[in-house]
Amino acid sequence: MEAERVYRAYFELEQQAFLEGGVNGVPLEMNQYIMGNYSKKFSDILAQMSTNGWRMKPGTREQIGQLRWAPEIMREGSVATLQVCIDSTQSPLLDSAGNTVGAGFDVHSVFFDFDADRNLKMSDVSGESVEKCEIM
């Protein structure tokens, strides 16, 4: 499925940006996977990380705990939705002193749409922290 391929390619770039603490901004190659509200939200997250001196614990990476096609969750303008649970329990977000500022499980609904060139991209996202990865 194209949406899953796009998400997994994006995820690899996201991990690198989190390890860098957002200091280099949104990686240029990420533009082939994200657009619209998703681009803005990701840029804002990286800017917050950079400003606060936060970064993912070196030598770690988040894990995709679960990923599923979610046609029942739609947003106006979206053509596909994936529901993804991300596990960051082994890859905490640390402040400049090495203290944990975030770790756990997050469920995201990732919305996809086509850009002007008919490339499928992630166009928006919503999510919340959860106790464990259990996507229904």
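Here this note's numbering is used: the first residue of the sequence shown is 159, the next is one more, and so on. Cβ coordinates follow ideal geometry from the N, Cα and C atoms, glycine included.
Between which two residues does the alpha helix (DSSP H) harbouring Arg357 extend? The structure shown does not extend to residue 357, since the chain is modelled only from 159 to 294, so the question has no answer here.
C-alpha distance - Phe200 paired with Leu252, whole-angstrom precision: 18 Å
In angstroms with no decimal places, state the Cα-to-Cα distance between Ser254 and Gly285. 26 Å
Those runs of the beta strand (DSSP E) which lie wholly inside the region 259 to 289 and span at least 3 residues: 263 to 272 and 278 to 288
Beta-carbon separation (whole angstroms), Leu278 vs Phe269, contact threshold 8 Å: Their Cβ separation, rounded to whole angstroms, is 11 Å, which puts Leu278 and Phe269 out of contact at 8 Å.
Less than 8 Å between the C-beta atoms of Val288 and Val265, yes or no? yes
Please classify Glu220: is it buried, with 16 or more other beta-carbons within 10 angstroms of its beta-carbon, or exposed? buried
So, with DSSP's three-state summary, where would you put Met232? coil
For Ala255, name the three-state secondary structure that DSSP assigns. coil
Touching by the beta-carbon criterion (3+ pairs, under 8 Å), the region 172 to 187 and the region 200 to 219: yes
Whole-angstrom C-beta distance between Val164 and Tyr196, which should lie under 8 Å: Wrong, their Cβ atoms sit about 11 Å apart, outside the cutoff.
With distances taken between CB atoms, is the gap from Gln174 to Pro185 smaller than 8 Å? yes
Between the CA atoms of Gly194 and Ala328 - distance to the nearest angstrom: In the structure as shown, the chain starts at 159 and stops at 294, and residue 328 therefore has no counterpart that could be examined.
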